[in-house]
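Structure record follows, encoded as structure tokens.
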Amino acid sequence: LQKVDGKPTVLDGPVDFTVARLREGALPGATPEQAVEFQRRVARLQRGVTGFNQATAALTKRLGYLAEALGKTPSSPDALDQEYRTIRLEIDELFAQMNGSPSKLAVSEPMRHTVVTRLGKVAAGTLYSTYGPTKTHREQIEIAEREFNALRERLNRVLSDKLPVFEQKLRDAGGPWSPGQLVPELRR
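Per the working numbering: the sequence shown = residues 50 to 237.
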């Protein structure tokens, strides 16, 4: 494919070919199709973890704006402050359960396995292997997928339910607009 002035032109069509193994391995392993399917499974989980971490990073930034707005809201410290704190702590907990404790990571302190550590071991152990996944690799990705799904559901509940409710309460209390919210309507 070639692009000239933004217009793609096909230079040649597809060519069929067959890939053959150079040699048989010393140990029995997965078929090439099974190895590829497992690598695709790892890639799907990696994509999910990347999305989760990007979403928590964006949410952390948004919560910073909301903390500033909360400080400028003409009300006394009350349930809004506690609700903000609860959301903030939940996001921190979700991030730690996905990736590990940031403070322990900073000093290479041992910690319990997380989705990211399990995924890293599985990916590293199968990336250049033609034998396919071991029983341990399969067990670890099962655990990582199960934990990921539970964390993803919790994060999505914060994004779709808890955060919008909190933002509405903040607006109702007279809080200022903050990035990530819809532009407010003028009220008389």
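Glycine included, each C-beta is placed from N, C-alpha and C at the ideal position.
Using a threshold of 8 Å, state whether the C-beta atoms of residue i and residue j are closer than that.
{"i": "Pro225", "j": "Lys121", "result": "yes"}
{"i": "Val164", "j": "Val98", "result": "yes"}
{"i": "Gln146", "j": "Leu208", "result": "no"}
{"i": "Phe101", "j": "Leu219", "result": "no"}
{"i": "Pro233", "j": "Ala79", "result": "no"}
{"i": "Ala193", "j": "Arg167", "result": "yes"}
{"i": "Leu50", "j": "Leu60", "result": "yes"}
{"i": "Thr179", "j": "Ala92", "result": "no"}
{"i": "Gly223", "j": "Ser124", "result": "yes"}
{"i": "Leu108", "j": "Tyr133", "result": "no"}
{"i": "Ile136", "j": "Thr105", "result": "no"}
Assign residue i to one of three DSSP states: helix, strand, or coil.
{"i": "Pro233", "result": "coil"}
{"i": "Lys52", "result": "strand"}
{"i": "Pro77", "result": "coil"}
{"i": "Pro57", "result": "strand"}
{"i": "Phe144", "result": "helix"}
At which residues does the alpha helix (DSSP H) containing residue i begin and terminate?
{"i": "Ala15", "result": "This structure cannot settle anything about residue 15, because the visible part of the chain is limited to 50 through 237."}
(request) Tell me the start and end of each unbroken alpha helix (DSSP H) in the stretch 157-228 that is at least 4 residues and wholly inside, in chain order. (result) 164-175, 184-206 and 212-221
(request) List in chain order: all unbroken beta strand (DSSP E) runs of 3+ residues lying wholly within the stretch 82-141. (result) none
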